[in-house]
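Encoded as structure tokens, the structure appears first; notes follow it.
Protein chains: 2
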Amino acid sequence: MPKSHKHHLIIECFRANSGIYHVTQAQWAAAARRHKALGKRVTATIVWDRDGIDKALKTADMMITVNPPRERLRERAPRLKWIQNRGAGINHLMPLDWLPDDIVLTNNRGAHGAKCEDYCTMALLMLATHMPAFMAQQHARQWKAAFSAPIAGKTAVVIGFGDLGSAAGRAAKKLGMKVIAVTRSGKAGKPADAAYKVSRLDSMLPKADFVVVATPLTQKTRGLMTRERLALLKPGAALINVGRAPLVDYDALRDMLNGGKLAGAMLDVHDPEPLPADSPIWTTPNLIVTPHVSCDNPRYMDLLLDRWFENFARFAAGKPLLNQVDRKLGY
Amino acid sequence: MPKSHKHHLIIECFRANSGIYHVTQAQWAAAARRHKALGKRVTATIVWDRDGIDKALKTADMMITVNPPRERLRERAPRLKWIQNRGAGINHLMPLDWLPDDIVLTNNRGAHGAKCEDYCTMALLMLATHMPAFMAQQHARQWKAAFSAPIAGKTAVVIGFGDLGSAAGRAAKKLGMKVIAVTRSGKAGKPADAAYKVSRLDSMLPKADFVVVATPLTQKTRGLMTRERLALLKPGAALINVGRAPLVDYDALRDMLNGGKLAGAMLDVHDPEPLPADSPIWTTPNLIVTPHVSCDNPRYMDLLLDRWFENFARFAAGKPLLNQVDRKLGY
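Note that the protein sequences, when read in sequence, are chains P and B.
Under numbering that gives the first Met the number 0, the first residue of the first sequence is numbered 0, with each subsequent residue one higher.
Under numbering that gives the first Met the number 0, the first residue of the second sequence is numbered 0, with each subsequent residue one higher.
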């Protein structure tokens with residue numbers, strides 16, 4: 000590929016999405032400048048309306064989007080070789096039968112660690128210290144002290160130990176907790192104290208003071224935390240979900256919270272999102288709702304573009320891309 | 000003093016106080032057993048009703064209480080040599096003109112670090128990530144995302160760097176923050192990155208993303224965070240108070256929160272406590288109320304008794320006691 004060749008990138012923004020997921024011309028220009036020579040080798044088209052996308056697709060080599068056009072994609076985009084998914088999760092794109100074999104799909108794995116670590120640190124402490132009750136009491140103007148032991152020494156069972164799970168592990172470890180990772184492979188790096196295969200999940204859950212659900216949503220993980228598994232948790236345990244809502248049976252979780260069998264839950268992911276005003280999730284006792292903000296940064300797209308340029312250097316050099324999605328595993 | 004001499008200790012419990020501050024006979028017996036030989040040298044009288052206290056005072060050498068009898072104390076308690084205050088703060092006992100010169104007053108300084116570190120870690124993260132707004136939105140069943148950068152790299156100005164302040168410092172440092180301590184002496188140990196005298200407070204406040212108020216309440220610190228000083232904070236800064244309410248002008252703080260000039264506040268200490276139902280504190284936007292629980296542990300009295308026994312070993316050996324209150328400084 001001659002060095003002078005300009006690659007055509009489509010950046011697809013969705014107006015309805017939060018502004019942190021938009022890329023302006025100025026943002027793109029700044030990112031291109033940060034990457035100097037590489038930046039000069041890319042022409043970007045920022046697309047806001049799918050109506051006008053076909054013209055751009057005709058010459059596009061690469062695309063950044065959260066929801067790629069799937070119908071007759073090869074025909075409409077004959078040169079397309081690489082789709083960068085905006086987020087880490089690609090469960091919404093499964094099954095990948097619409098994706099031609101010669102188009103590489105990459106995700107934004109690894110972008111969420113720092114924020115996720117902050118969120119999990121906070122969530123563990125809030126659930127350990129009666130914060131859900133204090134929030135309800137504040138609204139009712141009620142003063143009712145409740146005490147709790149320091150969190151150090153308690154046990155977190157972290158399900159999934161990729162970008163988010165290892166961030167949850169760092170959070171727990173930083174608080175002096177014991178960290179048990181449950182993963183597909185049964186292996187986990189630092190800072191897990193122990194790691195087990197997901198087939199051992201039922202034996203690990205009773206050990207948990209806190210469960211952090213941080214696995215990708217795939218056909219194998221959907222519904223992983225069933226009513227039966229939630230019932231294995233000890234009284235007073237608590238659950239945090241930073242993965243995807245369908246990983247956990249929220250109806251069962253609400254029953255356990257209503258019955259006082261769990262101390263609390265902190266859920267950043269919901270189904271659907273936005274959570275409808277009439278959802279019973281909002282008012283379940285000791286349940287804290289955050290609006291899918293745990294792992295994202297206001298500079299999200301700038302960071303994504305920087306990571307994309309690192310991968311673009313590999314793309315332009317004909318090297319394999321990082322963060323390729325495994326079509327079979329679905330993440 | 001012959002080794003066989005039994006010392007008489009009064010443990011004064013107040014029924015109206017939270018149960019975590021009570022000591023049962025069984026708790027005392029267990030504590031005495033933990034300290035073996037020392038335990039055998041103490042006879043304890045647990046007093047629940049002040050009406051009956053005079054009989055016990057006649058022979059008491061030592062006392063554990065949060066509110067010692069002050070009237071004609073020497074006359075009523077001719078042998079009393081040592082009063083252990085239940086908490087760390089002794090501002091409620093000032094001025095100490097009721098306290099005979101030959102009675103040593105000790106406080107429970109150092110018992111609150113682990114819990115305070117947990118609380119400050121949580122409070123910093125809650126204020127950094129729009130949690131006060133999310134709490135209000137949950138109550139209103141509103142889904143409105145708001146994003147925030149990771150907390151690492153932000154600056155905490157910690158006022159007071161004793162037991163609580165250094166715990167706040169450890170919390171901030173653990174989160175990757177910069178820690179500026181403001182202290183009476185202008186000195187602070189780890190993990191402060193820098194320390195300044197309280198006379199430099201006005202120059203430090205504009206640097207703060209977060210201010211943590213963690214100083215004892217004394218005649219010199221009362222009202223330290225005036226309206227003028229709060230106005231020195233940069234827009235979007237936030238305040239945490241784990242010290243005592245009168246350290247901060249809460250009316251001014253509420254004005255700033257109502258006007259959106261500060262991002263939030265998290266207050267564990269109030270005046271009076273319990274906070275009355277009609278206090279405007281409860282409903283101030285972006286203000287989180289906790290009911291004076293930040294630094295206490297459900298095993299508080301067990302831990303206090305263990306620390307007391309350590310000091311009793313010194314007392315019985317005629318050595319100076321640890322944690323003696325400085326009558327002039329008032330802490």
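From the three backbone atoms N, C-alpha and C, an ideal C-beta is built for every residue, glycine too.
Just so it is clear, the structure is predicted and the values come from calculations on it, not from any experiment.
Burial state of residue i (16 or more Cβ within 10 Å)
i	result
residue 250(P)	exposed
residue 0(B)	Per-residue confidence for residue 0(B) stands at a pLDDT of 43, beneath the threshold of 50, marking its modelled position as unreliable; the derived number appears in the next sentence. Residue 0(B) is exposed by the Cβ-count criterion.
residue 165(P)	buried
residue 196(P)	exposed
residue 2(B)	Model confidence at residue 2(B) stands at a pLDDT of 49, short of 50, so the residue's coordinates are unreliable and nothing is read from them.
residue 108(B)	buried
residue 217(B)	buried
residue 307(P)	buried
residue 73(P)	exposed
residue 104(P)	buried
residue 327(P)	exposed
residue 263(B)	buried
residue 42(P)	exposed
residue 142(P)	buried
residue 227(B)	exposed
residue 27(B)	buried
residue 259(P)	exposed
residue 235(P)	exposed
Nearest residue (CA-CA) to residue i, options the options
i	options	result
residue 268(P)	14(P), 239(P), 150(P)	239(P)
residue 184(P)	60(P), 265(P), 158(P), 101(P)	158(P)
residue 70(B)	49(B), 58(B), 60(B)	49(B)
residue 12(B)	23(B), 4(B), 5(B)	23(B)
residue 336(B)	170(B), 172(B), 194(B), 169(B)	This structure cannot speak to residue 336(B), because chain B is shown only from 0 to 330.
residue 129(B)	128(P), 139(P), 118(P)	118(P)
residue 257(P)	286(P), 278(P), 276(P)	286(P)
residue 51(P)	9(P), 92(P), 120(P)	9(P)
residue 252(B)	232(B), 242(B), 290(B)	232(B)
residue 18(P)	27(P), 248(P), 298(P)	298(P)
residue 79(P)	140(P), 318(P), 58(P)	58(P)
Proximal residues of chain P, C-beta to C-beta of residue i below 9 Å
i	result
residue 189(B)	Chain P residues near residue 189(B): none, gap ~17 Å exceeds 9 Å.
residue 133(B)	287, 288, 289, 290, 292
residue 143(B)	273, 290
residue 237(B)	None at all; the shortest Cβ gap to chain P is about 14 Å.
Neighbour list for residue i in chain P, Cβ cutoff strictly below 8 Å
i	result
residue 146(B)	17, 19, 292, 295, 296, 297, 299
Chain-ordered neighbours of residue i on chain P, where CB pairs are closer than 7 Å
i	result
residue 138(B)	138
residue 173(B)	173
residue 281(B)	137, 140
residue 276(B)	140
Beta-carbon spacing of residue i, residue j below 8 Å
i	j	result
residue 151(P)	residue 175(P)	yes
residue 261(B)	residue 244(B)	no
residue 266(P)	residue 209(P)	no
residue 62(B)	residue 82(B)	yes
residue 154(B)	residue 177(B)	yes
residue 292(P)	residue 280(P)	no
residue 16(P)	residue 146(B)	no
residue 56(B)	residue 111(B)	no
residue 181(P)	residue 156(P)	yes
residue 283(P)	residue 246(P)	no
residue 138(B)	residue 60(B)	no
residue 300(B)	residue 20(B)	yes
residue 170(P)	residue 120(P)	yes
residue 90(B)	residue 324(B)	no
residue 242(B)	residue 215(B)	yes
residue 201(B)	residue 229(B)	no
residue 149(B)	residue 113(P)	yes
residue 313(P)	residue 303(P)	no
residue 5(P)	residue 32(P)	no
Within chain B, the residues that residue i reaches when beta carbons sit closer than 9 Å
i	result
residue 128(P)	114, 117, 118, 121, 289, 292, 293
residue 207(P)	Under the 9 Å cutoff, chain B gives no residues; its nearest Cβ is about 19 Å from residue 207(P).
Contact set between residue i and chain B, taken where Cβ atoms lie within less than 7 Å
i	result
residue 150(P)	117
residue 125(P)	121
Pairing CB atoms from the stretch 256-273 of chain P with CB atoms from the stretch 128-137 of chain B, are three or more of them under 8 Å? no
Touch test, the stretch 80-93 of chain B against the stretch 31-39 of chain B, Cβ-Cβ under 8 Å, three pairs minimum: no
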